[in-house]
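First residue of the sequence shown? That's -15 in the working numbering, and the numbers climb one at a time after it.
Notes follow the structure.
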Amino acid sequence: MIVRRDAIIGRAQSWRLLGLAALVVSVPAVAVAAPPAGTRPVAAESAMAHEAGHGAMGAPAVSRPGAALPAAETAATDLALELQKLLGQHAVLAAELMRSRIRNDPDLAQAANAAVGKNTRDMAAVVAGLGGEEASKGFSTQWSAHVAALFNYSRGLATDDRQVRDQAKATLVTYEGRVGRDMEAGTGGALSAAAVSKELTQHVQELIDQADAFKAGNYTRAYTIQHHAHDHMFQLGATMATGFSKAAGRPTSGLDSARWRLRSSLAMALSEHAVLTTQAMRARVSGAPEFPAVAAALDTNTSELAGTIGAVYGDQAGARFQSLWADHVDAFIAYADAVRAKDAAAQAKARRTLSGFQGEFAGFLDKTSDGKLPAASLAAAFAEHDDMLLEQADAYAAKSYPQAHDLAYDAYQDVFGMSSSFAGAIADVAGARLPRGGAQTGGGGMSGALHGD
């Protein structure tokens, strides 16, 4: 049992979590022509190619999202959540790419690099939907260079080559300033160059710090920084989306609604659950020394989610959620242990435990939400999500790293439909009690600075 059943965070802290993504903006709209519909090629360089100092991989054409979007307001909120999702995922994937290089595992590093490249292409497509083709092309080029420099930093760290590390840092400083200027120009001033550069500097420093901590064997610090890096980029995504949308003349009031902020905050917590479960299973399968640190991070994530449920539905419901969710996590770890031991019977037992959880947890949410979260459809969604996490562990154990990363990528993306369903049901129950505004809920601190307010 790795997750405590009694460590549910307090009610006040839970409401703060619900408001984490509150971003209040008051920037005048800047008229920019809407981007044309259609598809486009996105150039995404390979970080691995830059290890030798030259070369780049081509990228396939990516369909730009939003070709058949609903009303403009809905499009802005959906695209903002998509950008949040991908930026948060980038923070984790970049950290894993750097760690794979530190581990001196070229096959793992190659698969991690491919996952980062996919994430970059997906982000570029969203930026196209928000700010147009030119904004997307500039973003893709700069972001790929940013990834390459992070990889090179980890290469220098792995080989104790200070010159390589220093050169990578210098490249990153240049990148931060250039992206800030590009975003300010691309949004007609809706995003501040200085503020964007400041936030990206923080992002880069967090990734460097977690790599340093990982190399030193300080895994608790590495995973603590990963948590902050994921949440920081998640919140930055909403602010960037707001700037792009305002520059394109799209309404953004939906991004300040209590319901959307709740949806965003739950997505942030549930996506981190998917990340940490994946990382914990992989650490267990391989017998990696960082497992206790990942388990502690999972513990905190579970407690935060339980506190959110308790804040809306009552302490008893929060405690029940905590117990069920902890059993859920324990079953994943039991499965990973069985995979490592090549114990088919134990693997089957863990699968049966998860199957039981899926039905029981779906029934709990159905009852708690007064039927707003139907048990049958929830159980099926949980089963599909759990299967992806189990299969990525199987692939990782078999050293089929590309397959493992593809499955983990999809599992991360999958939780966003779940979070939207949860948010809708919670909002219907909580109603007017949902946190409103930014500063009073713990959110809003980043947005004003980025928009020059």
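Just so you know, even glycine gets a beta-carbon here, dropped at the ideal spot from N, CA and C.
Quiz prompt | Which listed residue (ASP150, ALA364, PHE123) has its alpha carbon closest to that of GLY401 | solution = ALA364
Self-check item: Candidates ALA78, SER270, LYS326, GLY291: closest to GLU190 by CA position
Solution: ALA78
Quiz prompt | Cutoff 6 Å; reference TYR203; Cβ partners in own chain excluding five residues on either side | solution = GLU274, ALA277
Quiz item: Helix, strand or coil: how does DSSP classify ARG234 here?
Solution: coil
Self-check item: CA nearest to the CA of HIS130, picked from VAL157, VAL148, GLN263, SER403
Solution: VAL157
Quiz item: Which of helix, strand or coil does DSSP assign to GLU368?
Solution: helix
Quiz item: Apart from the five residues on each side of it in sequence, which residues of its chain come closer than 6 Å, Cβ to Cβ, to ALA177?
Solution: GLY164, ARG165, GLU168
Self-check item: Proximity of ALA381 and ARG324 at Cβ, strictly below 8 Å
Solution: yes
Quiz prompt | Beta-carbon gap between SER229 and LEU70 smaller than 8 Å | solution = no
Quiz item: Using a Cβ-Cβ cut-off of 7 Å (strictly less than) and excluding sequence neighbours within five positions of ALA55, which residues of its own chain qualify?
Solution: Residue placement at ALA55 is flagged as unreliable, the pLDDT there being 47, under the threshold of 50; a coordinate-derived value is accordingly withheld.
Quiz item: Taking just the CA atoms, how far does ALA407 sit from LEU239?
Solution: 14 Å
Quiz item: In angstroms, rounded to a whole number, what distance separates the CA positions of ALA27 and ALA112?
Solution: Residue confidence for ALA27 is low, a pLDDT of 33 falling below 50, so the modelled location carries little weight and cannot support an answer.
Exercise. Pair every Cβ in the stretch 317 to 331 with every Cβ in the stretch 384 to 396, then say whether three or more of these pairs are closer than 8 Å.
Key: no
Quiz item: Under 8 Å, do SER403 and ARG247 count as touching if we go by C-beta distance?
Solution: yes
Quiz item: Taking the alpha-carbon positions, what's the LEU308 to ALA197 distance?
Solution: 33 Å
Quiz item: Does the ligand FAD have a heavy atom nearer than 7 Å to the CB of MET265?
Solution: Absent from the structure shown: the ligand FAD. Ligands present: none.
Quiz prompt | Sufficient close CB pairs (3 or more, under 8 Å) joining the stretch 315 to 324 to the stretch 262 to 269 | solution = yes
Self-check item: Contact set for SER138: own chain, Cβ-Cβ below 7 Å, skip 5 residues either direction
Solution: MET82, ARG85, ILE86, ALA195
Exercise. Would you decide whether THR262 is buried or exposed? Buried here means 16 or more other CB atoms lie within 10 Å of its CB.
Key: buried
Quiz item: Cα-Cα, which of LEU92, ASN136, ALA64 is closest to ALA109?
Solution: ALA64
Practice problem: Tell whether a beta-carbon distance below 8 Å holds between ALA395 and ALA213. | Solution: no
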